[in-house]
Amino acid sequence: MSEPQEPLVASASQTVGPFFHVGPGASDRCGVLAGPGVPGERIRLCIRVLDGDGAPVDDAMVEIRQADADGAYALPPTSLEDPPPQFAGFGRLSTSKDGDCCFETIRPGAPAHADGAAHVTVCLFMRGLLRHLYTRVYFEDDLALDRDPILLLVPAERRSTLLAHRAGDGATWDFVVRLQGPDETVFFDL
-3 MSEPQEPLVA SASQTVGPFF HVGPGASDRC GVLAGPGVPG ERIRLCIRVL DGDGAPVDDA
57 MVEIRQADAD GAYALPPTSL EDPPPQFAGF GRLSTSKDGD CCFETIRPGA PAHADGAAHV
117 TVCLFMRGLL RHLYTRVYFE DDLALDRDPI LLLVPAERRS TLLAHRAGDG ATWDFVVRLQ
177 GPDETVFFDL
């Protein structure tokens, strides 16, 4: 057998792929869920994604879905010609090199159809995952946390991994997703 004429180049380190763009991608516009006339407390929800070593994941796509201030979910448009709603209830962003993405939205109300605390559903897509991950973001000052039926299914010592914390400016909420390790975020099997 002869020696190769050119040096061999290692293939990509991803465990899945290649990926092709299908459907809407993540853009800055997808990070604004509420127009200026939407009632409710304006907030900025910043999500940081960290791997098992605590390093930022710079190529994750984060999708969120949430209720409005009254706890009702927005209906999807019936056609592409429909004007964009003032409150979409859905956002999609890619993480930065620091593993961050921030959504401009309103604080959701408690679910209108069931007991429980206000929350934001998060879906994560990234390299190395064969299936996306689901989690929830709850707000640390919500008085309904102790009666949320989903949160009560989570062992008490793990519930803190689902809490967003208010930053110094009062309008920003920080939530850290840890993919592995002792403080791994609770993920839900849907």
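Start counting the sequence shown at -3; every next residue gets the next number (the numbering used here).
Where a beta carbon is used, it is the ideal one built from N, C-alpha and C, also for glycine.
In the three-state scheme derived from DSSP, where H, G and I count as helix and E and B as strand, S156 is classed as helix.
The straight-line gap separating the alpha-carbon atoms of Q176 and G48 is approximately 4 Å. Cβ neighbours of P145 within its own chain (closer than 7 Å, five residues either side excluded): D111 and G112. C-alpha of T91 to C-alpha of A84: approximately 20 Å in a straight line. Taking C-beta atoms as the reference points, L129 and L120 count as a pair closer than 8 Å. Under the three-state reduction of DSSP output, R123 falls in the coil class, being neither helix nor strand. Of all alpha-carbon atoms in R44, A106 and G27, the one lying nearest the alpha-carbon of T157 is that of R44.
Taking all protein chains shown into account, H115 has 16 or more neighbouring C-beta atoms within 10 Å of its C-beta and is therefore buried. Counting the other CB atoms within 10 Å of its CB gives R127 a total below 16, which places it among the exposed residues. Taking C-alpha positions only, D94 is separated from L46 by approximately 9 Å. Of the other Cβ atoms in all chains shown, 16 or more fall within 10 Å of the Cβ of D64; this residue is therefore buried. Taking the CA atoms as reference points, P72 sits about 12 Å from G87. The three-state reading of DSSP puts G166 in coil, since its state is none of H, G, I, E or B. In the structure shown, R143 adopts helical secondary structure according to DSSP, grouped into three states. Per DSSP, the beta-bridge partners of C98 are C42.
Within 10 angstroms of the beta-carbon of G27 lie 16 or more other beta-carbons, which makes it buried.
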